[in-house]
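A short worksheet on the structure shown next.
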Amino acid sequence: MAQAAAAMSWQQFAATVEAGFRRDGCEVERLQGPGADFALTKDGHVAMVGAKRWKAARVGVEPLRELQAAREKRGAREAIYIALGEVSDNALQYARAQGVSLMTAPELAKLLRDLKP
1 MAQAAAAMSW
11 QQFAATVEAG
21 FRRDGCEVER
31 LQGPGADFAL
41 TKDGHVAMVG
51 AKRWKAARVG
61 VEPLRELQAA
71 REKRGAREAI
81 YIALGEVSDN
91 ALQYARAQGV
101 SLMTAPELAK
111 LLRDLKP
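The sequence shown begins at 1 in UniProt numbering and counts up one residue at a time.
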């Protein structure tokens with residue numbers, strides 16, 4: 001699934017991710033601002049999702065900071081960052097400290113199971 005996701009265009013990937021979150025019972029709003037690409041609402045709770053750099057070979061702290069800023073601005077309970085590539089040690093530490101969840105290839109495969117772009 002990771003290879004298939006990496007081969008998708010942003011439009012295909014975004015539509016497929018959106019379908020996966022909807023199937024899991026979330027309302028999905030696509031965002032255009034910096035930091036977050038989707039706002040998910042489920043059971044009255046909001047989560048911000050950063051996904052646009054899903055193909056990056058290595059993820060540093062900056063996109064996580066941008067996602068955290070979007071989370072704070074929106075007052076969202078959760079922040080989820082989708083990354084197929086390696087996540088740097090600094091980014092992992094930042095994610096742990098800020099409570100940002102990382103959705104890597106195995107979790108993404110579960111979300112996108114049986115969905116076609």
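The beta carbon of each residue, even a glycine, is placed where N, CA and C say it ideally should be. The model shown is predicted, which means the values in this text are computed figures rather than measured ones.
- Around the beta carbon of Gln32, fewer than 16 other beta carbons sit within 10 angstroms, so the residue counts as exposed.
- Note on geometry: alpha-carbon atoms of Glu18 and Arg58 lie some 23 Å from one another.
- Ranked by how close their Cα comes to the Cα of Ala70, the residues Val49, Ala83 and Leu111 have Val49 in first place.
- For the beta strand (DSSP E) assignment, the uninterrupted runs of no fewer than 3 residues enclosed by the UniProt domain "Restriction endonuclease type IV Mrr" (6 to 112) are, from N- to C-terminal side, 27 to 30, 38 to 42, 45 to 50, 78 to 82 and 100 to 103.
- The beta carbon of Asp37 sits closer than 8 Å to the beta carbons of Ala14, Arg30, Leu31, Val49, Gly50, Ala51 and Lys52 from its chain, once the five residues preceding and following it are set aside; these are given in chain order.
- One alpha carbon belongs to Ile82, the other to Thr41, and they sit about 17 Å apart.
- Residue burial is scored here from C-beta neighbours: Pro106 has fewer than 16 other C-beta atoms within 10 angstroms and is therefore classed as exposed.
- If you ignore the 5 residues before and after Asn90, its C-beta comes within less than 6 Å of the C-beta of Val61, all in its own chain and listed in chain order.
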